[in-house]
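Report on one structure; see the data block that follows.
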Amino acid sequence: MINLIFKASDGSFHMATSNVNKFYNDNDDFIVKYVEDFDSEYTYSVVDDEVVKGDLIVISDDDAAEIQAAITSTSHHTPRLLAYPSIGEQLDLLYHDIENGTLDNTGEFYTAIKAIKDSNPKAS
Amino acid sequence: MATKVKLIADGVITPDQITLTTASTGTNTTAPATTAFVQQEISALVDSSPEALNTLNELAAALGDDENFSTTVTDSIATKLPLAGGALTGNLSIGDSSSRSFALYIENAGSAGAGQLMLVDSDNDTLQREIRTDAGVLSFDYWDSSNRTNHLTILANGKVGIGEASPDTILHIKKNQSSANSTLKLENSAGGNNSSFSIDWQLASSGTSAQIKADRTNSPGAGDTDLIFSTSTTGTALVEAMRIDSSGNVGIGDSSPSAKLEVRGSSNSTYLIAGGDDSLNGRALTFTSSASANFNGAEHTINAPSSQGVIALSTYSTERMRIDSSGDVLIGQTSQTGYAFAQKLVVGDGDANDGITIQSGSTHQGNLAFNHSDGTTAHGRISYQHNSNYMQFFTDNTEKMRIENGGSVGIWTNSGKTDAQASLDIAANVGVSLRFSSTYNYGPNRDWQINTNNYGSTNWGGWSLEQSTSQQGTPSVARIGVHANGNVGINMGGDASSGLTSINPATALHVGGDITVGSADAVGTSGTASIRFQNDNERSRITSNYDSGGGGRLGFWTDSTGGTLLQRMYINNEGRKVTNNVNEYYERIFLVNNTSYTFDIDVKSIGASGQILEVFAGYTHYSTSYGAVLKQVWSQRSTAQSDVQLISSIVNHSTGNAGAWSFSYVDADTVRLTKSAGTYGGSGWGYILIRSPD
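Chains as they are written, first to last, in our numbering: chain A, 2 to 125; chain B, 521 to 1214.
Next up, the structure:
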């Protein structure tokens, strides 16, 4: 059981939600339908105010390759993000580098960030 | 005058020569008689006798010159009947000169007329009796000096009329008197004890064919007399057929009747046939009563109207019962109005309370049995047992239903059960069913049936409530089933053929569809609909209430250590979840990657002024390393500054061009989260979670 929201202009699928957000309530740009079953691997649309379940969604090889390339090119983001110290800690490192006159690639800030980047290199 | 006498000597003296005094008649002397005396005496002797008898010769001739006339006459008279009476030794013929051979022959002497014999009372000669014959009719009449009244007539053909001058039978007695005087009396003057007097009929050459006899039986008391009617089948051997005894009792076929009418026979035959010729009210038998003042003189009748072919029984001149020409018995009515297949006995007049009472002994049973031509078996029967006070109903000669004295009802189908052990005890050897049907022609109507102990079912021992799929159809769809283990299944499918086989509820209550708790009438907007969970006591509860502003609020309750149920979580009418006093907005979302989205959050409904709001938003493409996440902390300022302040954006990160979350204001109460469109197609699941202490 889930709510499906379609674009009123062409009946195309917009989103599915467990709880229709107030933005979509009484919004003439969208059509909200409640359905018992929803399979995210299929397309959905509204035709004549009725929900129509379409074909199985197939990702083309080119799209898959392009997506995979994007994934690869950004795969280092998340591990680095998770490894970086908090903003406060980084600011504290910068404070110490300024105080110590080591605001260069020998300072604590640079050294800590450089270590994380090196540990999570960008995919080539 | 002087007398002169003249004597004459030897000469002849002529008469005229002598004159004598004529002596008077009767003189008897020696004096000579004068001729005149002689003439006088002769004349006296003749005494004016008829001319033909005034001489001795003529007299002698008249006497037949019979010198022995006296003897002759005496002898002749001696042969005659004296006036004083006597024995007439010869025949007497009156009115006819012919010699008759009859002892007494009377004939009207005239040329015509009846021969008559008149008998007159010398003391009152006006009272005369006449025996007469005319034209061959012998009649005995009464004369009152002017009128003749016929009393007895014997016609030429032998018919006898008494009081009837023209009898049309052998004996015709006619009474013309209003009095109750006896008309015919038969007396046996020699009668005494054990004497009898009979009238016999002989219709054969000999013997007696029939008889009416008055028999002085002297029993039970002296002088008691019975009147006996006997008939004969052989013409000779009389057999008593009927008797009226001295007490007035009538016995037909019974010589000692003990009732006013007692009819008996020695064989199985018809003893009494009664009839009437009135086409509508032919009255065959009438009974009257005089003992009761209320019904004194009332007539109770058995009528047999000839044109209707019925026998009707009436009391107090009102018909109470009849057997009609078809053999149907009607009690309380005169025309058949009963059910066409149950018309042999119809009771009641149709306009008042009526009924039939079967009265039996206090330790016996009263029965109403239904049988057919095969003998004495009561295939159907309604029986009441007075010793235990219960009512039984039998079909096929087996008890199928019983109503106990306490009102318990047992309905049994070949179960062998004979004791209702509940208010309604339905039993069968295999499978018990209870059906509810509606024949009203309304399309949605369905038949319902409760089945228990379905033979062959794996759920043997359970029961099911089944519904037909059509109007007045056989129930075949199980709506409620109770498994032998007690689990209840509702709308789980299954049909009658499988019984409870397919109804195998996995839990105590297994519903094959939605469950609705509460209703507009029972709960409404002010009440609470709940589902409760109990261990030793109620430990958990789910409630639903009408939330302020409309919609519903779903609450989840558990008990505390002290056993008091507390609401631990609720979901309000906007979908926000409040758990352990943490107010929460949660929305699970499925987004298309290359589409932008907008979500407006009514922050005032999540947290009050001055509270912290934790904001989480996430989205991942179907690839796990491709998505956008947001984690921020917002605060709500004072009421006067009721907008939302971003305190910290802990995480706002996107990978793989999945788009990014951003934060903005809409108005004082609303914050907008947006996710920009990603680069590529595809889609994925995500969520928005905003929460605050309640």
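Note that CB positions come from ideal geometry on N, CA and C, so glycine has one too.
Hey, does residue i have any beta-carbon neighbour from chain A nearer than 7 Å?
i          : result
B:Asn-1177 : yes
B:Phe-1183 : no
B:Gly-1095 : yes
B:Phe-1136 : no
B:Asp-480  : There is simply no residue 480 of chain B to check, as chain B begins at 521 and stops at 1214 in what is shown.
B:His-1173 : yes
B:Tyr-1200 : yes
B:Gly-1019 : The predicted model places B:Gly-1019 with a pLDDT of 48, which falls under 50 and marks its position as unreliable, so this point remains unresolved.
B:Tyr-1146 : yes
State the Cα-Cα distance for the pair residue i and residue j, rounded to the nearest angstrom.
i          : j          : result
B:Ala-1016 : B:Ser-953  : With a pLDDT of 48 at B:Ala-1016, under the threshold of 50, the predicted position of this residue should be treated as unreliable, and no value is reported.
A:His-78   : A:Lys-115  : 14 Å
B:Val-640  : B:Ser-665  : 10 Å
B:Thr-1175 : B:Phe-1183 : 18 Å
B:Val-1164 : B:Tyr-1117 : 21 Å
B:Tyr-625  : B:Asp-616  : 8 Å
B:Gly-951  : B:Glu-924  : 23 Å
B:Met-638  : B:Leu-603  : 18 Å
B:Leu-1099 : A:Met-16   : One detail in the question is off: residue 1099 of chain B reads as Thr in this sequence, not Leu. One C-alpha to the other measures close to 27 Å.
B:Glu-1080 : B:Thr-1036 : The amino acid occupying residue 1080 of chain B in the given sequence is Ser; Glu does not appear at that position. When rounded, the distance between both Cα atoms is 27 Å.
B:Ser-845  : B:Gly-773  : 29 Å
B:Gly-886  : B:Thr-838  : 30 Å
B:Leu-758  : B:Trp-721  : 11 Å
B:Asp-1193 : B:Leu-1150 : It is worth fixing the name first, because residue 1193 of chain B is Leu in this sequence and not Asp. Taking the straight line from one Cα to the other gives about 10 Å.
B:Val-1043 : B:Val-1135 : 37 Å
B:Ala-862  : B:Ser-893  : 17 Å
A:Asp-98   : A:Leu-104  : 5 Å
B:Asp-645  : B:Arg-668  : 14 Å
B:Gly-681  : B:Val-657  : 11 Å
B:Tyr-1142 : B:Ala-1178 : 11 Å
B:Ser-776  : B:Ile-822  : 26 Å
Starting from residue i, follow its DSSP beta bridges and name the residues at the other end.
i          : result
B:Phe-914  : B:Arg-901 and B:Glu-919
B:Gly-681  : B:Thr-673 and B:His-692
B:Ile-772  : B:Met-762 and B:Val-783
B:Phe-717  : B:Ala-734
B:Arg-1211 : B:Glu-1104 and B:Glu-1134
B:His-1173 : B:Val-1149
B:Ile-748  : B:Lys-733 and B:Arg-763
A:Ala-17   : A:Leu-5 and B:Phe-1110
A:Ser-46   : A:Ser-13 and A:Val-53
Quick one: is residue i buried, meaning 16 or more other Cβ sit within 10 Å of its Cβ, or exposed?
i          : result
B:Asp-746  : buried
B:Leu-1111 : buried
B:Arg-1061 : buried
B:Gly-1009 : buried
B:Gly-1019 : Bear in mind that a pLDDT of 48 at B:Gly-1019, under 50, signals an unreliable position, so the model cannot answer this.
B:Leu-944  : exposed
B:Phe-557  : buried
B:Lys-600  : exposed
B:Glu-1107 : buried
B:Met-521  : The predicted position of B:Met-521 is uncertain, since its pLDDT is 48 and thus under 50; a value taken from the coordinates is nonetheless stated next. Label assigned to B:Met-521: exposed.
B:Phe-1119 : buried
B:Gly-1202 : buried
B:Ile-562  : exposed
B:Ala-998  : buried
B:Asn-1113 : buried
A:Phe-110  : buried
A:Gly-89   : exposed
B:Arg-966  : buried
Hey, would you say the C-beta of residue i is under 6 Å away from at least one heavy atom of the ligand HEM?
i          : result
B:Glu-1094 : In terms of ligand content, the structure shown is empty, and the ligand HEM therefore cannot be addressed.
Taking CB distances under 7 Å as the criterion, tell me whether residue i reaches chain B.
i        : result
A:Met-16 : yes
A:Ser-19 : yes
Of the residues that make up the stretch 1098-1112 of chain B, which ones have a beta carbon closer than 9 Å to any beta carbon in chain A? Tyr-1105, Tyr-1106, Glu-1107, Arg-1108, Ile-1109, Phe-1110, Leu-1111 and Val-1112
Please name the residues in the stretch 54-82 of chain A whose beta-carbon is closer than 7 Å to at least one beta-carbon of chain B, in chain order. Ile-60, Asp-64, Glu-67, Ile-68, Ala-71, Ile-72, Thr-75, Ser-76, His-78, Thr-79 and Leu-82
Chain A contacts made by the stretch 1036-1053 of chain B, where a contact means CB separation under 7 Å: none
Chain B contacts from the stretch 22-41 of chain A (Cβ-Cβ distance under 8 Å): Asn-22, Lys-23, Phe-24, Phe-39 and Ser-41
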